[in-house]
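Trainee:
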Amino acid sequence: MDFNTLKNRENNTLMHTYGRFDIALDHGKGSKLYDLDGKEYIDLTSGIGVNALGHGHEALVQAIQEQAARLMQASNLFYTEPMVDAAERLADSTLMEKVFFANSGAEANEGMIKIARKYSADQYGPERTKILTLKNSFHGRTVATLEATGQDKFHQNFYPFTGGFDYVEANNIEDLKQKMADPSVCGIMMELIQGESGVRPLDPVFVREAARLAKENDILFMADEVQTGIGRTGSLFCWQQYGIQPDLVSCAKALGGGVPIGAVLSGDKAAHVLQPGDHGTTFGGNPLAASAAKTVLDIVDQPDFLADVKDKGDYFMNSIQALNKRSVQDVRGMGLMIGIQVGADKVMDYLKQLQNKGVLALKAGTDTIRLLPPLIITKEEIDQAVKAMNEVFE
C-alpha cells in the first residue's frame, strides 16, 4: 500500500488527535525503523520512550509469543504467575513494598492520586485532599491527570475539572514551602525530568527539600516516572539518582517494551491503603503484559546494561555539544533522555530535515528537540545521528 492511500483511509476513519509526520512506518529492527517504501531511519523516539529494547528484540518477542499461546487475559479475580513475577521484580529492585498494575502512565498517575487521598482520609479524615504538582509538568490526559498537569494550554476546553490541585514553581523552594504548609495538602507529585515541557531535570536540592517536607508533614511524595523509569536515565528509576525514597512511584512506557502496561509502586507507608473495591482495572497486569514487563526488567535491570545507558547518554550529549552549532542553545538531560534547545522558530524545520536524512526525533515544549532512543542504540548509530544533526543545525 502506498502512503497517500493509507493516509486517506486514516482520515476517513480515525479521530484526528495527533498531528502526524508524513511517514508511514511498516516495520523495525533494533534501533532502526522502515517506512512503506523501505526507507531506513535511525529511531530516536522509541515510540515516545516505549521501545526500550528496540524493535523485534528476540527475547521479548519470544516471551510475548509463548505467553499469548498460554494465557493472555484472565481478569484480576484470579491469581496468575506472570503478574506476581513482574511485581516481585519491581519490588526487589527498588525496596518498594507493593505494586498495582494499570495499563498506561495516566492510569498509574490516577492510581497514585487516589492512594494519596485515601491514605490521608484514613489517617486524618476527609479534609486533606489537595495534590501539589509542578508548573510546566505533564501527568496525562484523563480528567484528573489533565488537571494535575501544570500547563494551561492542556486545560482549555475541558472544564470543569474535579478540583483539588495546586501548582508549585519548579525549583522554587520558597514557593514549595508556602504551598506545602497548606493543611489541606495530602500529596505532591513531580516528574524528576519534565519531559513534555522541554526535557528539564529538576534541581536535586529542590527535590530533596520536597521529599523532606513531605516526610515531615506526612504528605505522600509521588514520583511520576512514566517517561524516566525503566532505565531511561541510566538507573532503573530516576529517583535513585536524586538520593530520595518516594512513597509512590508511577511507571509505564518502557515497562512493557511495546506492550501497554503501567504500574504504581508503593513504599511501606501506603502499601496497604487500597483494599478490594477501592481501585482496579480489567486489563491491569494481565499475563501477556506482565510477561513482557518481566522480560524487560530482566534485561534492563542489570548493572552493566544501566552503566552502558549512562555511558551512551554522556557520549550522545557530548557529541552534540562538540558540534558547537550557533542554533543549539542548550543540551540537557540524563542518560538517553536528551533535549536539544534550538528555538521555537527552528524546531519543526530541523525535525523535518532530520527525517529527510533518515533520523526520527521528537519535539518537546515549544523549542526543543527530544531524543528518546532505544536503550540498545549503539555508538555507531549515535554517530550517524550526530552526523545528520551536523548537516542540519546552523
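For the sequence shown, the working numbering begins at 8 and goes up steadily by one. Even for Gly, the Cβ is constructed at its ideal location relative to N, Cα and C.
1. Taking the alpha helix (DSSP H) that Met229 falls in, what are its first and last residues?
2. Tell whether a beta-carbon distance below 7 Å holds between Ala123 and Gly194.
3. Three or more C-beta pairs closer than 8 Å, one from the segment 320–338 and one from the segment 168–186: is that the case here?
4. What residues in its chain sit with their C-beta under 7 Å from that of Arg333, if we drop five residues either side in the sequence?
5. Leaving out the 5 sequence neighbours to the left and right, which residues in its chain are closer than 7 Å to Ser82 when beta-carbon positions are compared?
6. Do Ala151 and Thr169 have their CB atoms nearer than 7 Å?
7. According to DSSP, is Arg27 part of a helix, a strand, or is it coil?
8. Given Glu154, which residues of its chain have a CB within under 6 Å of its CB, disregarding the five upstream and five downstream residues?
9. So, does the segment 212–224 touch the segment 310–325, judging by three or more C-beta pairs under 8 Å?
10. Looking only at its own chain, which residues have a Cβ that is under 6 Å from the Cβ of Ile268, when we skip the five neighbours before and after it?
11. Is the beta carbon of Gly372 closer than 7 Å to that of Ser204?
12. Less than 8 Å between the CB atoms is what I'm expecting for Asp189 and Lys137, so what's the real figure, rounded?
13. How is the alpha helix (DSSP H) around Glu398 delimited, first residue to last?
14. Can you tell me where the alpha helix (DSSP H) holding Asp305 begins and where it ends?
15. With the cut-off set at 7 Å, would you say Glu216 and Ile180 are in Cβ contact?
16. Might you give, ordered along the chain, the residues of its own chain that have their beta carbon closer than 6 Å to the beta carbon of Ile384, omitting 5 neighbours on each side?
17. Helix, strand or coil for Met8 per DSSP?
18. Excluding five sequence neighbours on each side, which residues of the same chain lie with their C-beta closer than 6 Å to the C-beta of Val256?
19. With C-beta atoms as the reference, is Leu32 less than 7 Å away from Pro380?
20. State the DSSP-derived secondary structure class of Val91, mapped to helix, strand or coil.
21. Could you check whether the segment 82–95 touches the segment 306–323, counting it as contact only if at least three pairs of C-beta atoms, one from each stretch, sit closer than 8 Å?
22. If you pair each beta-carbon of the segment 358–377 with each one of the segment 46–62, do three or more pairs fall below 8 Å?
23. For Gln234, which of Asp254, Gly342, His34 and Phe85 has the nearest alpha-carbon?
24. Report yes if the C-beta distance between Leu78 and Pro294 is below 7 Å; otherwise report no.
25. Since Gln348 is in the beta strand (DSSP E), which residue starts that stretch and which ends it?
26. According to DSSP, what are the bridge partners of Met187?
27. Suppose you measure from the CA of Ala76 to the CA of Leu304; what does that come to, to the nearest Å?
Mentor: So, to answer that:
1. From DSSP, Met229 is part of no alpha helix (DSSP H) but of the beta strand (DSSP E) over Leu227 to Asp231.
2. The Cβ-Cβ distance between Ala123 and Gly194 falls below 7 Å.
3. Counting Cβ pairs under 8 Å, fewer than three are found: no touch.
4. The beta carbon of Arg333 sits closer than 7 Å to those of Glu401, all from its chain and outside the five residues before and after it, given in chain order.
5. Shown here for Ser82: same chain residues with a beta carbon closer than 7 Å to its own, the five before and five after excluded, namely Thr289 in chain order.
6. One thing to note: Ala151 has its Cβ within 7 Å of the Cβ of Thr169.
7. DSSP places Arg27 in coil when its eight states are reduced to three.
8. For Glu154, where only same-chain residues beyond five positions count, the Cβ hits under 6 Å are Phe168 and Phe172.
9. The segment 212–224, when compared against the segment 310–325, does not touch it at the 8 Å Cβ threshold.
10. Leu262, Ala296 and Ala300, listed in sequence order.
11. In contact: Ser204 and Gly372 (Cβ atoms closer than 7 Å).
12. The pair is a contact, with the Cβ atoms about 6 Å apart (cut-off 8 Å).
13. Residues Lys386 to Val399.
14. From DSSP, the alpha helix (DSSP H) with Asp305 extends over Pro294 to Val307.
15. Yes, they are a contact pair.
16. Cβ within range, chain order: Ser38.
17. Reduced to three states, the DSSP call for Met8 is coil.
18. Cβ neighbours of Val256 beyond the five flanking positions: Ala230, Glu232 and Leu272.
19. For the 7 Å CB-CB criterion, Leu32 and Pro380 do not form a contact.
20. In the structure shown, Val91 sits in a helix (DSSP, three-state: H, G or I).
21. Here the segment 82–95 makes no contact with the segment 306–323; the two share fewer than three CB pairs at distances below 8 Å.
22. At 8 Å Cβ cutoff, the stretches touch.
23. Taking only the C-alpha atoms, the option nearest Gln234 is Gly342.
24. Yes, the pair counts as a contact, with Cβ atoms nearer than the cut-off.
25. Per DSSP, the continuous beta strand (DSSP E) segment holding Gln348 begins and ends at Met344 to Gln348.
26. Note: Met187 sits in no beta bridge, so no partner.
27. Their Cα atoms are separated by approximately 21 Å.
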